[in-house]
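One line per chain: the protein sequences are R and E, in this order. Using our numbering, you'd call the opening residue of the first sequence number 74 and step up by one each time. Using our numbering, you'd call the opening residue of the second sequence number 74 and step up by one each time. Glycine included, every Cβ here is placed at the ideal spot set by N, Cα and C. For reference, the structure is listed below as structure tokens.
2 protein chains.
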Amino acid sequence: MRPTKRNELVQKALEAFYQNGFNATGMDTLVKETGISKTSMYKHFRTKEDLILAVLRLRDENFRNWMYRRMEELAKSPRDQLIAMFDALEEWFSEPGYKGCMFIKASSEFQDASHPIHKQSADHKRMLERYVTELATKAGLPEPDKLARQLLLLKEGAIVTAHLGHTENAAQDAKTAAITLLRLHAG
Amino acid sequence: MRPTKRNELVQKALEAFYQNGFNATGMDTLVKETGISKTSMYKHFRTKEDLILAVLRLRDENFRNWMYRRMEELAKSPRDQLIAMFDALEEWFSEPGYKGCMFIKASSEFQDASHPIHKQSADHKRMLERYVTELATKAGLPEPDKLARQLLLLKEGAIVTAHLGHTENAAQDAKTAAITLLRLHAG
DNA sequence: AACAAAGTGAACAGATCGGTAAACTTTGTT
DNA sequence: AACAAAGTTTACCGATCTGTTCACTTTGTT
Numbered sequence: 074m075r076p077t078k079r080n081e082l083v084q085k086a087l088e089a090f091y092q093n094g095f096n097a098t099g100m101d102t103l104v105k106e107t108g109i110s111k112t113s114m115y116k117h118f119r120t121k122e123d124l125i126l127a128v129l130r131l132r133d134e135n136f137r138n139w140m141y142r143r144m145e146e147l148a149k150s151p152r153d154q155l156i157a158m159f160d161a162l163e164e165w166f167s168e169p170g171y172k173g174c175m176f177i178k179a180s181s182e183f184q185d186a187s188h189p190i191h192k193q194s195a196d197h198k199r200m201l202e203r204y205v206t207e208l209a210t211k212a213g214l215p216e217p218d219k220l221a222r223q224l225l226l227l228k229e230g231a232i233v234t235a236h237l238g239h240t241e242n243a244a245q246d247a248k249t250a251a252i253t254l255l256r257l258h259a260g
Numbered sequence: 074m075r076p077t078k079r080n081e082l083v084q085k086a087l088e089a090f091y092q093n094g095f096n097a098t099g100m101d102t103l104v105k106e107t108g109i110s111k112t113s114m115y116k117h118f119r120t121k122e123d124l125i126l127a128v129l130r131l132r133d134e135n136f137r138n139w140m141y142r143r144m145e146e147l148a149k150s151p152r153d154q155l156i157a158m159f160d161a162l163e164e165w166f167s168e169p170g171y172k173g174c175m176f177i178k179a180s181s182e183f184q185d186a187s188h189p190i191h192k193q194s195a196d197h198k199r200m201l202e203r204y205v206t207e208l209a210t211k212a213g214l215p216e217p218d219k220l221a222r223q224l225l226l227l228k229e230g231a232i233v234t235a236h237l238g239h240t241e242n243a244a245q246d247a248k249t250a251a252i253t254l255l256r257l258h259a260g
């Protein structure tokens, strides 16, 4: 990504929105934190909503790239990569400043299913589902789509549980459950 | 709950916050939607935060009562009640106006783990965990706490997935996975 | 050197935010 | 009948919200 002012804005806005929330982060705050003039912001993005959509696009790209790469690095076979997803999650959860999933939070603040931000968040989850389903298919597992959906329920559950913070090792619990599901699933 | 103005306010505020979000719902909006004067509101609650905390207390009471009762109605044995939790979830998800879990959304808008609203949301999840753990214990299952945490990961995952709306029957997927986990768990 | 694109600062809208003040009315208790 | 608690209306406060306007400066290209 070329280091244009526009990209710099999106990058900095991502961090601010992630840490403080969308509605709670005003455009004036972004001016302060990015050092970019408000005039310039509104030249790149007609509305705050447009900026948020750009932020979510960047986040989708960053997150999926990171997650896919990490799964490949941690395991060779498709089957093991499915399990390695939860090791990757654990790494994510233990990062300082972890504050849950940006898309879940976006859908929490823009709740209407017809809202562009909500729809784009759902798209992100759909793309993850497609990837995991393909992995399950490559692994030769029966009913790969069903298995993928089950594993992803564990993933989403771990993400919000790790953020709520009432439990330790949500990622490990999810991994254990995933292994069980895979074992019974494959026979 | 006696139908005092205060309780009426909390009840109406619950609906407004649930449908529109916490930050996105101003006190003036509540004045319009409840018909209760702002002066009166601030006589009962010193700040908006206090009102939100009261709303979350009511929600916790309502939700846990409903869920526990529904689990008991749908199944007799503790083991079957664990599974019935996901049937109850399905009923919830299919209600008109379903917009996810109020506590997950609260923790999405008040992200700091030290924030009272965030802490109270975590408390809700903790109480649910205790209940499910007790059920698993009564069912005579080994490692009841571990199993409970796994089942609750499926629950949380189903809740956010049903709200994101990129998948059909999140509750059914979670139920299927829960049955698998229980089967392998009990041997 | 000249020119357009991109960026700047600062002031300004109009609406809404959470919260307060003062004077008045309703309601329930004794 | 008297009194206090609870509720009301109305106006207001300063801060902040998203978004705009205008006059000006920097920067890259040719």
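Query                                                                                                               : Result
Whole runs of the alpha helix (DSSP H) within the stretch 211-249 of chain R, excluding any shorter than 4 residues : 217-237
Nearest to E/N242 (by Cα), restricted to the options E/L155, E/F166, E/S110                                         : E/F166
Chain E residues whose Cβ lies nearer than 8 Å to that of R/S239                                                    : A quick correction: the sequence has His, not Ser, at residue 239 of chain R. Near R/H239 (Cβ distances below 8 Å), the residues of chain E are A195, D196, K198, R199, E202.
Residue interval of the alpha helix (DSSP H) (run including R/Q184)                                                 : Taken as a continuous stretch (DSSP letters only), R/Q184 belongs to no alpha helix (DSSP H), as it is neither H nor E.
DSSP state of R/P76 mapped onto helix, strand, coil                                                                 : coil
Own chain, CB closer than 6 Å to E/S194, minus 5 neighbours either side, in chain order                             : F176, A179, S180
Pair within 7 Å by beta-carbon distance, E/L220 and R/L226                                                          : no
Residue closest to R/T120, alpha-carbon to alpha-carbon, out of R/D133, R/M100, R/D218                              : R/M100
Where the alpha helix (DSSP H) containing E/E163 begins and where it ends                                           : 151-166
Chain-ordered chain E contacts of R/N96 [CB-CB under 8 Å]                                                           : G94, N96, A97, E182
Partners in chain E for R/R222, counting only beta-carbon separations shorter than 7 Å                              : T240, D246
E/T112 classed as buried or exposed, judged by whether at least 16 other C-beta atoms fall within 10 angstroms      : exposed
Contact set for R/E145: own chain, Cβ-Cβ below 7 Å, skip 5 residues either direction                                : Q154
Test: E/K172 CB closer than 7 Å to a CB of chain R                                                                  : yes
4 or more residues per run - each alpha helix (DSSP H) lying fully within the stretch 98-150 of chain E             : 100-107, 111-117, 121-147
Three CB pairs or more closer than 8 Å across the stretch 91-109 of chain E and the stretch 133-150 of chain E      : no
Cβ neighbours of R/P151 in the same chain (closer than 6 Å, five flanking residues each side left out)              : L208, K211, A212
Rounded Cβ spacing between E/K198 and R/L237 (contact assumed at less than 8 Å)                                     : 5 Å
When E/R132, E/F118, E/E88, E/Q92 are compared against E/T107, the one with the closest alpha-carbon                : E/E88
From R/C174, R/Q223, R/D218, residue whose alpha carbon lies closest to that of R/T234                              : R/C174
Exposure of E/E229, with buried meaning 16 or more beta-carbon neighbours within 10 Å                               : buried
R/V83 and R/L131 closer than 7 Å at C-beta                                                                          : yes
Interface partners of R/I177 on chain E, CB under 8 Å                                                               : I177, S181, V233, L237
CB contact below 7 Å: R/E122 versus chain E                                                                         : no
Coil, strand or helix - E/N93 by DSSP                                                                               : helix
Check: E/L208 C-beta below 6 Å from any heavy atom of the ligand HEM                                                : Absent from the structure shown: the ligand HEM. Ligands present: none.
8 Å Cβ cut-off: residues of chain E touching R/L226                                                                 : L226, L227, G230, A231, T234, A243, D246, A247, A250
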